[in-house]
Every structure is written in C-alpha cells, then in structure tokens.
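Everything in the sequence shown is counted per our numbering, starting at 129 for the first residue and increasing by one.
We put the CB at the ideal spot given by N, CA and C, even for glycine.
Model, not experiment: these values are computed from the prediction.
Notes for the one structure printed next.
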Amino acid sequence: MSVLLTGIGVARGIAIGKAHVLFHDVPEVTEYTLREDLVEPEVLRFSIALEKARVHLRSIRDHLPITTPADVTAFIDIHLLMLEDSSLSKKPVELIRAQRCNAEWALKQQRNSLVKIFESMDDPYLRTRKDDVDQVVNLVQRLLTGQSTPWEGGPDRLRGCIVVAEELSPADAVLFYHEGVVAVVSERGGPTSHTAILARSLDLPAVVGLRRARQFIREGETVVLDGRRGVVLVAPDQRSERHYQQRAEEERSRAADLFRLRDFPARTQDGRRIRLMANVELPEDIDELDEAGAEGVGLYRTEFLYMNRVEPPDEEEQYAIYRGLVHVMEGNPVTIRIFDLGADKPFAGTALGQITPNPALGLRGVRLCLRFPNLLLPQLRAILRASAFGPVRLAIPMVTRSSEVIQVIRLIEQGRHELRQKGIAFDEDLPIGGIVEVPAAALTVSSLARHLDFLSLGTNDLIQYTLAIDRIDDQVNYLYDPLHPAVLRLIYITLRSGARARIPVSMCGEMAGDSRYTRLLVGLGLQELSMHPSSLPEVKQVINGSEYGRIMKLARRVVYARDSEEVVTLMEQINAGL
Ligand code: PEP
Ligand code: MG
129 MSVLLTGIGV ARGIAIGKAH VLFHDVPEVT EYTLREDLVE PEVLRFSIAL
179 EKARVHLRSI RDHLPITTPA DVTAFIDIHL LMLEDSSLSK KPVELIRAQR
229 CNAEWALKQQ RNSLVKIFES MDDPYLRTRK DDVDQVVNLV QRLLTGQSTP
279 WEGGPDRLRG CIVVAEELSP ADAVLFYHEG VVAVVSERGG PTSHTAILAR
329 SLDLPAVVGL RRARQFIREG ETVVLDGRRG VVLVAPDQRS ERHYQQRAEE
379 ERSRAADLFR LRDFPARTQD GRRIRLMANV ELPEDIDELD EAGAEGVGLY
429 RTEFLYMNRV EPPDEEEQYA IYRGLVHVME GNPVTIRIFD LGADKPFAGT
479 ALGQITPNPA LGLRGVRLCL RFPNLLLPQL RAILRASAFG PVRLAIPMVT
529 RSSEVIQVIR LIEQGRHELR QKGIAFDEDL PIGGIVEVPA AALTVSSLAR
579 HLDFLSLGTN DLIQYTLAID RIDDQVNYLY DPLHPAVLRL IYITLRSGAR
629 ARIPVSMCGE MAGDSRYTRL LVGLGLQELS MHPSSLPEVK QVINGSEYGR
679 IMKLARRVVY ARDSEEVVTL MEQINAGL
C-alpha cells in the first residue's frame, strides 16, 4: 500500500529511487562469555573486522571524485584515525582477554565509555564528535555481525538511492551526493538549515523535518520524492510512479527553458535594472555560475572550507580558491564572507573548553572571528591578495555593533600592512560590508554604515532572531515566516536607512531566491539579490514580467499591513498574473 508523507521541501526536483534507511544508533548485539580456548580466535575475528573497516573507508576515500571538497576527505580521514586509535583498536582486545566477552560486546562496552567521555566534555564541538564514534563503531559492528555496510558492494551501491536519515550533516550531504544518491529525506532540519542550503547547492532534491520518516519507509522500498512540495510517496502504484516520471521530465524541460534567459539582463518592463548574483557554498558551485548567468557572487560562505577538518585551510589554499573564483567571474564582483563558524557549523580548531548553552546566540560569526584573530588573519590576507585580480568585496557575518566592525577593520589593516611589507599586491579600496542578520543591526544601520561600504540582508538569520525560532529546529519551523510584519519592517527599515546613508543594500538570504517574494523585494527597492544559481532564472523571469511602478506601491502597503491576513491579500495582488 502506498503511503504519502509530507515534510518541508528544501531543494526542489523530483526523484524516484530505492530507499536506503540509515540508523545511526548502535545496533543490538548479542553478548556472551567465551570458552578459554576461543578467546584468541575472537581477538583475531575482531582484528579482521577492524581491518575490513579500514579497507572500506580507504576505498570510499579513493573513490571520491577529484572535485570533492577537502573537508569531506578530511572527515573520512578522521574516521580512519579513530580506527587506528588504541581506544578502538587495543582496548576492546584487552576487554575480550580480560572478561572473555565476545568482540561485539567488548566493542559496545568501549563505545559506551567513549561516548560518556565525549558527552561530559565542555566543548560543544567535541561533544558532537560522539556521533563519529558511533558511526565508526557501527561500521565495525556491522562487519562483525555480517550485516552489510552502506558501501558494501563497492562505491556504486548507493547510486540511484534515496537516503532516509534522522539528521544529515552538511558533510553527509556532500558525501551522499558523490556516492550517486538522488535525493535525501531527514527527520530533522528546517528550510534554512545549512544542510538544506547545501542540498540546494548540490541540486540534490531534499525533504527535511519529516518526523518518524524511518518508521514509515523501509529499506529497499521504492520512494518518490518531490522536493518542491515536500512530499514523499512510499511504495507508489504504477500509475503514480508514471505520473511523477512525467512531472520530472516536465521539470527538466522547464529548467532548460528558463536557462535560455541566461544571456538577458534582469529588468522590469518599465526599465528598472536588477542585479542577480549567486551564493556559493562549495568550490564546485563555481561551474554553475556562468550557466545561470550570475552577474557576480553576492555571498561566498567560506566557512564550508573549514568544516570537518582539524587543520584550517591555510592562506595559500584559500588564496588559490578565491583567486580562482575572481578569475571565473571575469570582472564581476565577488563577495567573500569571512568565516561564519559556530552554531550548526562547528570547526575543530576552535575548541573552547566551555559549555555553550545556546549556540545560535553564542560564539558564532564575527564574534568567533574576533575571538580567534590568528585564524582570521590568514583568511583576511588571502582575500586581500585575491582582490588584486578583480573586484572583491569582504563581508562580515552576524554584526550587532560598530565596535565589531571597527575591530575587523583593524585586523584587515594589519593584513594590509603585512602584505605591503612583503610587496604583495592587493586592492587598497577593497569594499567592506556587513551582513544584516540580527535585528540590532537592522535597527542601527546608520551607525554601522559609517564604517561600511555595503550591507547585505541575511534573512535566514534575521528571521530566526526576529521571530525567536531556531532555524534548524523542526518543532518550530511552522513559525518561520519571511512575511511576518516584523521581518518585513526590519527589511524595509534597513533599505531606507541604507538609502539615507547612501550605502547599497542587497539581500543574500534564501528569501532572495524564492520567486514568490521577488516582486515584493524589488518593489521595496532592492536592486541586488543573491541566491543559489539554480533559483536565478526563475527569479529573473518574474522580474522581467513585472512593472516596477505597480509593485512599488503595493510593496509599501505590504510592509504596513495590519496583520498577516492583509499581507496575504496584498501578496496575491502583487503576484497577480504570475
Ligand atoms: C543568512 O543568515 O541569511 C545568511 C545569508 O547567512 P547563513 O545562511 O550562511 O547563516
Ligand atoms: Mg546567517
């Protein structure tokens, strides 16, 4: 019997495939005591399983395409290192010998003690490393009990599958993508979680926040996923499957039609020119920029270069990537945001030894940059050096007050000084901007503007902080509302204050790439929108079919609507004819 499940569609596209259901929990294992003469053979059985696990991981690493980001390879290396560590390679052997317990039991005991140690750690990043322990232990347990591993049968085993998991990290998403997975479903997560953003970036249809998905979907079952509508159909009948195949075909040809707009500028019918830029998460996104007709990079989320690795990318590695991007953009601006690590984007190199009770309100964005100037300086120098090759802009995340901007500018000055001393070229006038993503920044634009050259509205966080909803918490996702009057007023205040201070304001949050809001945003005065490249043609099509004079008047009325009902009515008027 077919079952229809609904979650939140975060990366569009229709996919049909067999489900691969992931359970990260430690599997149930049988526990028994060994006869004396069976102890050494058991040690051997354990050692063989460990070696098989190493071979598996090495084979995944060796099969990763050349384009795989360094952070993903590093993530596998961490698992390999864990397998070498005596806590997983020697300690279980000691337990087998001392207690005469079977290998699975010994490994389970050792896993429990390791997890306890990780859980008691103050540092939030290290606490999350317990998931790595579980992943590595599960792999060995599966090999001991003869169950298949996700990669058994070679790297192609997951090709064409739809992965169903409790939660996916951004690194998992990349890894599955490279394994040939065609879509992902997760029980947790929200529309602007970083995994969702990454799924869009990889063009991997995804539905998140689908609670208890793993109870309803069984391993190997056929699943149809509609990432635009957030719908998952389990075990479809032949008719439904054919219907979705046809829709997938239609979507593909529609996308091809839209891409024909690539060489035309975005301009309303009455001549208002809008600049459409691209958001970049991974170096491989670069290929898509030209295809989508992006007129620059409005946001490069550089923190993805730091994730899932122990050593940060050094100045040279970053410089090569940034310079490559500047080169590809051929004279169009490239906005590089200094790393926005922290919260759901942890980095091992910033272990703090402190409990962070509420990471979204804690040490992240510019706060973390300023706490670790030695981590920031190589990035600043790399950005400065890349600016010698074309128009680069530097953006600061999570700004709440001028003093943070002033401190970053001082560090930039230090970077400039060091480069000057070495005779290395850079753009002396590199524009410095701030991401407006906290209400405090939106309400104090005039004072921030005194130190900055541009502003960009980061609506993902602006909505999170204005409406007090955690963007990755599926329990409160239903409250995530870009059209909430409070959000709209903050956007409008930022635009007006920016205009008064004569400082350009763009938008780079996910709202900018959602064509339902395009007319509203253009009507409010935005002239630069940055989004995932795949959203760009559709947004352009909406702009080219709009009349600025008409939508401008309606947009202002939306901002001052009395309540959400009036917002909905006005939005229908503004989007009439779409
Ligand atoms: C935002 O918050 O809107 C933004 C662009 O930054 P990120 O999504 O990376 O937090
Ligand atoms: Mg943000």
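Bounding residues of the beta strand (DSSP E) (the contiguous stretch that carries R465) = Walking along the sequence shown from the start, residue 465 turns up at place 337. That run of the beta strand (DSSP E) goes V462 to R465.
Three-state secondary structure (DSSP) at R356?
-> Your numbering for residue 356 matches position 228 in the sequence shown. If DSSP states are grouped into helix, strand and coil, R356 belongs with coil.
Cβ of E638 within 6 angstroms of any heavy atom in the ligand MG?
-> Here residue 638 corresponds to residue number 510 of the sequence shown, with the count starting at 1. The answer is no for E638.
Extent of the continuous alpha helix (DSSP H) run through E232 | Numbered from 1 along the sequence shown, position 104 holds the residue referred to as residue 232. From DSSP, the alpha helix (DSSP H) with E232 extends over A231 to E247.
Is it true that the CB of I290 sits closer than 7 angstroms to the CB of A311?
-> As a working note, residue 311 is residue 183 in the sequence shown. As a working note, residue 290 is residue 162 in the sequence shown. Yes, these two residues count as a Cβ contact at 7 angstroms.
Starting from the N-terminal end, write out each residue whose C-beta falls within a distance shorter than 5 angstroms of any non-hydrogen atom of the ligand MG.
-> E565, G586 and D589
Going by alpha carbons, who is nearest to I552 out of N502, G337 and L512?
-> As a position in the sequence shown, residue 552 is number 424, starting the count at 1. Selected option, being the one with the closest Cα: L512.
Bridge partners - V292, DSSP secondary structure assignment = As a first step, residue 292 is located in the sequence shown; it is residue number 164 there, counting from the start. The partner list for V292 (beta bridge, DSSP) reads V149 and V313.
Could you give the C-beta distance for K146 and E349, rounded to a whole number, given that I count them as a contact under 8 angstroms?
-> The residue you call residue 146 lines up with position 18 of the sequence shown. The residue you call residue 349 lines up with position 221 of the sequence shown. Going by Cβ atoms, the distance from K146 to E349 rounds to 7 angstroms, so yes, they are a contact pair.
Whose CA, out of L706, I224, L417 and R182, lies closest to the CA of M659?
-> What you label residue 659 is simply residue 531 of the sequence shown in a count that begins at 1. It is L417 whose Cα lies nearest to the Cα of M659.
Report whether the distance from the Cβ of R367 to the nearest heavy atom of the ligand PEP is below 6 angstroms.
-> For this step, residue 367 is matched to residue 239 along the sequence shown. Every heavy atom of the ligand PEP is 6 angstroms or more from the Cβ of R367, so no.
Would you mind sorting G481 into buried or exposed? The rule is 16 or more other CB atoms within 10 Å of its CB.
-> Residue numbering aside, residue 481 sits at position 353 when the sequence shown is read from its first letter. Low confidence applies here, because G481 scores a pLDDT of 41, under 50, leaving its location unreliable and the question unanswered by this model.
Extent of the continuous beta strand (DSSP E) to which S584 belongs | The residue given as residue 584 occupies position 456 in the sequence shown. It spans F582 to L585 - the beta strand (DSSP E) in which S584 sits, taken as one unbroken run.
Report the rounded CA-to-CA distance for A748 versus S643, giving the unit in angstroms.
-> Nothing about residue 748 can be reported from this structure: the residues present for the chain run from 129 to 706 only.
Does at least one heavy atom of the ligand PEP sit under 6 angstroms from the Cβ of R429?
-> Against the sequence shown, residue 429 aligns to sequence position 301. Yes - the ligand PEP has a heavy atom lying nearer than 6 angstroms to the Cβ of R429.
Please say whether K668 and A394 have beta carbons closer to each other than 7 angstroms?
-> As a first step, residue 394 must be located in the sequence shown, where it is residue number 266. As a first step, residue 668 must be located in the sequence shown, where it is residue number 540. Yes, the Cβ-Cβ distance between A394 and K668 is below 7 angstroms.
Under 7 angstroms between the Cβ atoms of V362 and V131?
-> Taking the first residue of the sequence shown as position 1, residue 362 is located at position 234. Taking the first residue of the sequence shown as position 1, residue 131 is located at position 3. The answer is yes: Cβ separation under 7 angstroms.
Going straight from the alpha carbon of V171 to that of G641, what length do you get?
-> Within the sequence shown, the letter at position 43 stands for residue 171. Within the sequence shown, the letter at position 513 stands for residue 641. So the alpha carbons of these two residues sit roughly 56 angstroms apart.
Over the uninterrupted alpha helix (DSSP H) stretch that includes E693, give me the two end residues.
-> Start at 1 with the first residue of the sequence shown, and residue 693 comes out as number 565. Segment S692 to I702, the alpha helix (DSSP H) holding E693.
So Y428 is in the beta strand (DSSP E); what residue range does that whole segment cover?
-> As a position in the sequence shown, residue 428 is number 300, starting the count at 1. That run of the beta strand (DSSP E) goes V425 to R429.
Grab me the residues of D354's own chain with a C-beta within less than 6 angstroms of its C-beta, minus the 5 sequence neighbours each way, in chain order.
-> The residue given as residue 354 occupies position 226 in the sequence shown. Closer than 6 angstroms at the Cβ level, and outside the excluded window around D354, lie I142.
Measuring CB to CB, does R428 end up less than 7 angstroms from I466?
-> Numbered from 1 along the sequence shown, position 300 holds the residue referred to as residue 428. Numbered from 1 along the sequence shown, position 338 holds the residue referred to as residue 466. A small fix is needed here, since residue 428 is Tyr in this sequence, not Arg. No, they are not a contact pair.
What are the start and end residues of the alpha helix (DSSP H) that includes M680?
-> One-based indexing of the sequence shown puts residue 680 at position 552. Per DSSP, M680 belongs to the alpha helix (DSSP H) from Y676 to V687.
In three-state DSSP terms, what is I560?
-> Taking the sequence shown and counting its residues from 1, one reaches residue 560 at position 432. Looking at I560 - three-state DSSP - the assignment turns out to be strand.
Cα-Cα separation, P632 to F582 | Within the sequence shown, numbered from 1, the residue matching residue 632 stands at position 504. Within the sequence shown, numbered from 1, the residue matching residue 582 stands at position 454. One C-alpha to the other measures close to 5 angstroms.
In terms of residues, what are the limits of the beta strand (DSSP E) holding I402?
-> On the sequence shown, residue 402 is found 274 positions in, with the first residue counted as 1. Its beta strand (DSSP E) spans residues R401 to V408.
Determine the direct distance from the alpha carbon of D365 to that of A383, and round the result to whole angstroms.
-> For this step, residue 383 is matched to residue 255 along the sequence shown. For this step, residue 365 is matched to residue 237 along the sequence shown. One C-alpha to the other measures close to 27 angstroms.
Selected residue, minimal CA-CA separation from F387, among S663, L654 and D557 = Counting from 1 along the sequence shown, the entry for residue 387 is found at position 259. Among S663, L654 and D557, the Cα nearest to that of F387 is on S663.
Which of helix, strand or coil DSSP assigns to T528 | Here residue 528 corresponds to residue number 400 of the sequence shown, with the count starting at 1. The answer is coil: DSSP assigns T528 none of H, G, I, E or B.
Use the C-beta contact count for A614: other C-beta atoms within 10 angstroms, 16 or more gives buried, fewer gives exposed.
-> For this step, residue 614 is matched to residue 486 along the sequence shown. Exposed, because fewer than 16 other Cβ atoms sit within 10 Å of the Cβ of A614.
Around the C-beta of G274, are 16 or more other C-beta atoms found within 10 angstroms, so that it is buried, or is it exposed?
-> What you label residue 274 is simply residue 146 of the sequence shown in a count that begins at 1. Its Cβ having fewer than 16 others within 10 Å, G274 is exposed.
Taking the alpha-carbon positions, what's the A514 to Y447 distance?
-> For this step, residue 514 is matched to residue 386 along the sequence shown. For this step, residue 447 is matched to residue 319 along the sequence shown. So the two alpha carbons sit approximately 6 angstroms from each other.
Mind checking who A627 pairs with in its DSSP beta bridge?
-> If you number the sequence shown from 1, residue 627 lands on position 499. For A627, which the question treats as bridged, DSSP gives no partner whatsoever.
Is E656 helix, strand or coil by DSSP?
-> Start at 1 with the first residue of the sequence shown, and residue 656 comes out as number 528. E656: strand per DSSP, three-state reduction.
Given a cut-off of 7 angstroms, decide if L595 and L607 are closer than it, judged by their beta-carbon atoms.
-> Numbered from 1 along the sequence shown, position 479 holds the residue referred to as residue 607. Numbered from 1 along the sequence shown, position 467 holds the residue referred to as residue 595. Cβ atoms of L607 and L595: closer than 7 angstroms.
Please classify D413: is it buried, with 16 or more other beta-carbons within 10 angstroms of its beta-carbon, or exposed?
-> Counted from its first residue, the sequence shown places residue 413 at position 285. Flag for D413 reads buried.
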